[in-house]
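Colleague: In my numbering, the protein residues as written are 4 to 367.
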Ligand code: SF4
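1. Take residue 44 and list the residues in its own chain whose beta-carbon comes closer than 8 Å to its own, dropping the five residues that flank it on each side.
2. Could you compute how far the alpha carbon of residue 356 sits from the alpha carbon of residue 343?
3. Taking the CB atoms as reference points, tell me whether residue 169 and residue 137 lie closer together than 7 Å.
4. Return helix, strand or coil for residue 42, following the three-state DSSP convention.
5. Could you check what DSSP says for residue 174 in three-state terms: helix, strand or coil?
6. For residue 364, count neighbouring Cβ atoms within 10 angstroms of its own Cβ and tell me buried if that reaches 16, exposed if not.
7. Kindly examine ligand 1 and report whether one of its heavy atoms sits closer than 6 Å to the Cβ of residue 119.
8. Compare the beta carbon distance of residue 121 and residue 130 with 7 Å and say whether it is the shorter of the two.
9. Tell me the residue span of the alpha helix (DSSP H) that contains residue 88.
10. Measure the Cβ-Cβ separation of residue 224 and residue 199 and say whether it is below 7 Å.
11. Quick one: is the Cβ of residue 355 within less than 6 Å of any heavy atom of ligand 1?
12. Does the beta-carbon of residue 352, which I'm using as the reference point, lie nearer than 6 Å to any heavy atom of ligand 1?
13. Do residue 257 and residue 204 have their C-beta atoms closer together than 7 Å?
14. State the Cα-Cα distance for the pair residue 352 and residue 226, rounded to the nearest angstrom.
15. Residue 133 and residue 112: beta carbons closer than 7 Å?
16. Between the segment 285 to 301 and the segment 260 to 274, do three or more beta carbon pairs fall short of 8 Å?
17. Go to residue 150, then tell me how far its beta strand (DSSP E) extends in each direction, as first and last residue.
18. Going by beta carbon distance, what residues of the same chain come within less than 7 Å of residue 145, once the five residues before and after it are set aside?
19. Is there at least one non-hydrogen atom of ligand 1 closer than 6 Å to the beta-carbon of residue 81?
20. Residue 173 and residue 83 - do their beta-carbons sit closer together than 7 Å?
21. Assuming residue 50 and residue 277 make a contact with CB atoms under 8 Å, what is their CB distance in whole Å?
22. By Cβ distance, which residues of its chain are closer than 6 Å to residue 338, with the 5 residues on each side in sequence left out?
23. Does the Cβ of residue 78 lie closer than 6 Å to at least one heavy atom of ligand 1?
24. Pop quiz: residue 190 and residue 329 are said to be a contact at Cβ under 8 Å. What is the actual Cβ separation, rounded to whole angstroms?
25. Between residue 8 and the rest of its own chain, which residues show a CB-CB distance below 7 Å, the 5 nearest in sequence each way excluded?
26. Cβ of residue 348 versus every heavy atom of ligand 1: is any distance shorter than 6 Å?
27. Ends of the alpha helix (DSSP H) at residue 71?
28. Quick one: is the Cβ of residue 300 within less than 6 Å of any heavy atom of ligand 2?
29. Leaving out five residues on either side along the sequence, give the residues of the same chain with a beta carbon under 6 Å from the beta carbon of residue 320.
30. Name the DSSP beta bridge partners of residue 101, please?
Take a look at the structure:
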C-alpha cells in the first residue's frame with residue numbers, strides 16, 4: 004500500500020531478524036559470490052518499502068564488505084516536486100478544499116507545507132483511502148484530491164476520476180526515472196532491485212530495455228536477500244537480465260485491467276521530480292476527455308497566478324542527492340541535527356519510506 008497511508012514512526016530499536024535455514028544458506032551464498040566477484044558492488048533498491056525492509060531486518064549489516072546497498076527514488080512522496088506542493092497549497096489557501104494522503108501533509112514546498120496551509124486556516128483534509136475522497140466530494144463538491152505516486156496508486160486515482168472526483172495529478176511513471184539514473188554518469192550502480200508493487204501493475208517486460216542486472220523482489224527480509232543473491236549471480240555470470248523473484252504477485256505483462264484503466268484516464272507528459280529535475284515522459288496528466296475532473300484545467304488561471312508568485316526558497320536539504328544514491332542520509336549536514344521526523348527539512352525525512360526517515364529510525 005502507499006506509504007502515505009502510514010503514520011510517522013519514531014526511532015526503532017534494531018532487532019536482529021531470525022532467518023530460516025534456507026535464508027542462512029542464501030546469506031552464505033551471497034558471501035561466496037561476493038568473494039568471487041572481488042570488487043566493490045553497489046546495488047540499488049528502487050522502492051521505499053524495500054528500503055524499509057532492508058533497515059528493519061538489518062540486511063546491510065549482513066552484507067559482505069564489498070557489497071553496498073543504496074536507496075533510489077522509490078518513495079513517491081519524496082519525489083513529489085516542490086512546485087506541485089506549492090500549487091496544491093496555493094489552491095487550499097485560495098479557499099478550495101483539498102484532500103490528501105497523510106504523509107503528504109508535512110512535505111515542504113517553497114511557500115509552506117500542506118500542514119502549514121491547514122494551520123493557516125485552509126481546508127486540508129487527510130484521507131486514508133481514495134473512496135474516502137470520493138465520499139468527501141459529495142459533501143464538498145469543489146474538493147480537489149492531490150493524486151501522487153507511481154503506477155501502484157495511479158489505478159485507484161483513475162477509478163476515482165471515473166466516479167467524478169476532481170484530481171490534481173502529480174502521478175509519475177517509474178521506468179523513466181530508472182532510465183534517468185542510468186544516464187547519469189555520476190551514479191554508479193551494478194544492479195537494481197526492481198519495485199514489487201509497481202511491477203505488479205506494469206509487469207516485468209518493461210524493464211528489458213535496461214542493460215543492467217535486475218531482480219523484481221517481494222517485501223519480506225527473505226525476499227530481498229533472495230533478490231541480492233540472484234543479482235550477484237547475474238554479475239558473477241556477466242549477465243544483465245530481468246529476473247522475477249516475486250512471481251506470486253508479479254506477472255510478465257502486469258495487471259492488464261489496471262493498465263487499461265490508467266491509459267483510459269491519463270496520458271504521458273513530462274514531469275518534475277524533486278531533486279532529479281524534469282524527466283521527459285515521466286508524468287501522467289488527465290486526458291482531455293476527463294478535463295471536467297482535472298484540477299489543472301478547472302483552476303488553470305489560479306494555478307498560473309500561483310506559479311507566477313512562487314519564490315524558490317534556497318534549501319540546504321540534500322534530498323535530491325539521497326534519492327539518486329549519491330550520498331547517504333547521514334552525509335547531509337542537517338541529518339539528526341536539525342532534520343528529524345518531527346521537524347523534517349526535506350521530503351526524504353517525511354515519509355516512512357523516505358531514506359532519511361528510515362535511516363533516522365533504524366540507524367543502520
Ligand atoms: S536529512 Fe533532511 S535535510 Fe538532509 S537530505 Fe534528508 S530530508 Fe533533506
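We put the CB at the ideal spot given by N, CA and C, even for glycine.
Modeller: Once the coordinates are examined:
1. Residue mapping note: residue 44 aligns to position 41 of the chain shown, counting from 1. Same-chain partners within the cutoff: 37, 69, 70, 71, 193, 194, 235 and 238.
2. Within the chain shown, residue 356 is the residue found at index 353, counting from 1. Within the chain shown, residue 343 is the residue found at index 340, counting from 1. Cα to Cα, the separation comes out at about 14 Å.
3. In the chain shown, counting from the first residue as 1, residue 169 sits at position 166. In the chain shown, counting from the first residue as 1, residue 137 sits at position 134. No.
4. For the purposes of this step, residue 42 is taken as residue 39 along the chain shown, with counting starting at 1. In the structure shown, residue 42 sits in coil (DSSP, three-state: anything other than H, G, I, E or B).
5. As a position in the chain shown, residue 174 is number 171, starting the count at 1. Strand, per DSSP.
6. Numbered from its first residue, the chain shown carries residue 364 at position 361. With 16 or more other Cβ atoms within 10 Å, it is buried.
7. Mapped onto the chain shown, residue 119 falls at position 116. Incorrect: residue 119 has no Cβ contact closer than 6 Å to ligand 1.
8. In the chain shown, residue 121 corresponds to position 118, counting from 1. In the chain shown, residue 130 corresponds to position 127, counting from 1. Their beta carbons are not under 7 Å apart, which means residue 121 does not touch residue 130 by this criterion.
9. Counted from its first residue, the chain shown places residue 88 at position 85. Residues 85 to 96.
10. Here the question's residue 224 lines up with position 221 in the chain shown. Here the question's residue 199 lines up with position 196 in the chain shown. No.
11. Within the chain shown, numbered from 1, the residue matching residue 355 stands at position 352. No.
12. Here residue 352 corresponds to residue number 349 of the chain shown, with the count starting at 1. Checking the Cβ of residue 352 against ligand 1 gives yes.
13. Residue numbering aside, residue 257 sits at position 254 when the chain shown is read from its first letter. Residue numbering aside, residue 204 sits at position 201 when the chain shown is read from its first letter. Closer than 7 Å, so yes.
14. Working through the chain shown from its first residue, we reach residue 352 at position 349. Working through the chain shown from its first residue, we reach residue 226 at position 223. C-alpha separation (whole angstroms): 25 Å.
15. For this step, residue 133 is matched to residue 130 along the chain shown. For this step, residue 112 is matched to residue 109 along the chain shown. Result no, Cβ atoms of residue 133 and residue 112 do not sit closer than 7 Å.
16. yes
17. Position 147 of the chain shown, counted from the first residue, corresponds to residue 150. Residue 150 -> beta strand (DSSP E) spans 147 to 152.
18. To locate residue 145, count along the chain shown from 1; it is residue 142. Result list for residue 145: 99 and 100, in chain order.
19. The count along the chain shown starts at 1 and reaches residue 81 at position 78. No, Cβ of residue 81 sits at least 6 Å from all heavy atoms of ligand 1.
20. To locate residue 83, count along the chain shown from 1; it is residue 80. To locate residue 173, count along the chain shown from 1; it is residue 170. Cβ distance < 7 Å, so residue 83 and residue 173 count as in contact.
21. Translated into positions along the chain shown, residue 50 becomes position 47. Translated into positions along the chain shown, residue 277 becomes position 274. At roughly 17 Å, the Cβ-Cβ gap does not stay under 8 Å, so residue 50 and residue 277 are not in contact.
22. Counting from one through the chain shown, the residue named residue 338 turns up at place 335. Cβ within range, chain order: 332.
23. To locate residue 78, count along the chain shown from 1; it is residue 75. No; taking the cut-off as 6 Å, the Cβ of residue 78 has no heavy atom of ligand 1 nearer than that.
24. Stepping through the chain shown from its first residue, residue 190 is reached at position 187. Stepping through the chain shown from its first residue, residue 329 is reached at position 326. Indeed they touch by this definition, with Cβ atoms about 7 Å apart.
25. For the purposes of this step, residue 8 is taken as the residue at position 5 of the chain shown. Note that residue 8 scores a pLDDT of 37, beneath 50, so its modelled location is shaky; the value from the coordinates is reported in the next line. 104, 105 and 131, listed in sequence order.
26. Taking the first residue of the chain shown as position 1, residue 348 is located at position 345. Indeed, a heavy atom of ligand 1 lies less than 6 Å from the Cβ.
27. Counting from one through the chain shown, the residue named residue 71 turns up at place 68. Element bounds for residue 71: not the alpha helix (DSSP H) but the beta strand (DSSP E), 70 to 74.
28. Looking for ligand 2 in the displayed structure turns up nothing; the ligands present are ligand 1.
29. Within the chain shown, residue 320 is the residue found at index 317, counting from 1. 348 and 349, listed in sequence order.
30. In the chain shown, the residue the question calls residue 101 occupies position 98. Its beta-bridge partners are 127 and 147.
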